[in-house]
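Taking it in order: structure first as structure tokens, then the write-up.
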Amino acid sequence: RSWRLNPWGTDGLEVAEEILTQDPRPTAVFSVTDHEALFLYEAANILGINIPEDVSIVGFADLDFAAALRPALTTMRQRPKDIGRRAAQLVLDRLDGDIGAQPPTTIRVGADLIVRNSTASPKSASASSVPSELPE
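For the record, in the sequence shown the residue sitting at position 124 is 124 according to my numbering, with numbers rising by one throughout.
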């Protein structure tokens with residue numbers, strides 16, 4: 001399931017609490033930014049939910065504060081220098097006329113998973129909580 005959580009809005013904490021009070025509660029949450037992960041940390045603290053024992057949290061960007069959180073945030077580290085280098089090369093190629101009227105290209109720049117302390121294996125589900133059939 002997905003939610004929209006605006007890391008600069010006023011409803012971030014409310015949405016994070018909604019995520020963490022789902023029944024059943026998710027075993028892990030991937031945030032599209034490390035800023036959103038901050039709301040999840042705060043909501044977990046308010047609700048008495050332990051990270052990573054009760055829920056794992058993963059962010060994206062590896063911002064300066066990610067390693068300083070307690071527990072330190074597992075996150076995806078972007079490669080902004082690679083992105084900038086490739087973008088600059090495309091601009092230079094365009095100015096030189098090397099790419100002219102070619103169709104748009106997709107350039108993928110990798111990201112690195114930085115495993116820290118906000119993730120762990122989920123607790124074992126009891127046999128009674130596992131559905132006998134998956135929904136279609």
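Glycine included, each C-beta is placed from N, C-alpha and C at the ideal position.
Predicted model only: the values in this text are computed from it and were never measured.
Bridge-paired residues (DSSP) for residue i
i	result
residue 77	61 and 112
residue 56	28
Member of the options whose CA lies at the smallest distance from the CA of residue i
i	options	result
residue 71	115, 111, 110 and 84	115
residue 26	89, 121 and 55	55
residue 41	16, 64, 106 and 109	16
residue 90	113, 24 and 106	106
residue 64	38, 109 and 3	38
residue 11	94, 95 and 43	43
residue 123	2, 28 and 4	28
residue 113	2, 66 and 9	66
Assumed close pair residue i, residue j - CB separation to whole angstroms, cut-off 8 Å
i	j	result
residue 57	residue 73	7 Å
residue 119	residue 52	5 Å
residue 86	residue 109	7 Å
Proximal residues to residue i (C-beta, below 8 Å), its chain only, five neighbours per side dropped
i	result
residue 60	30, 31, 32, 33, 34, 75, 76, 78 and 111
residue 3	15, 18 and 19
Beta-carbon proximity list for residue i, same chain, < 7 Å, skipping 5 on both sides
i	result
residue 69	41
residue 13	39, 42 and 43
residue 5	12, 15, 16, 36 and 39
| field | Cβ contact (3+ pairs, closer than 8 Å) linking the segment 42 to 55 and the segment 4 to 23 | value | Yes, they touch.
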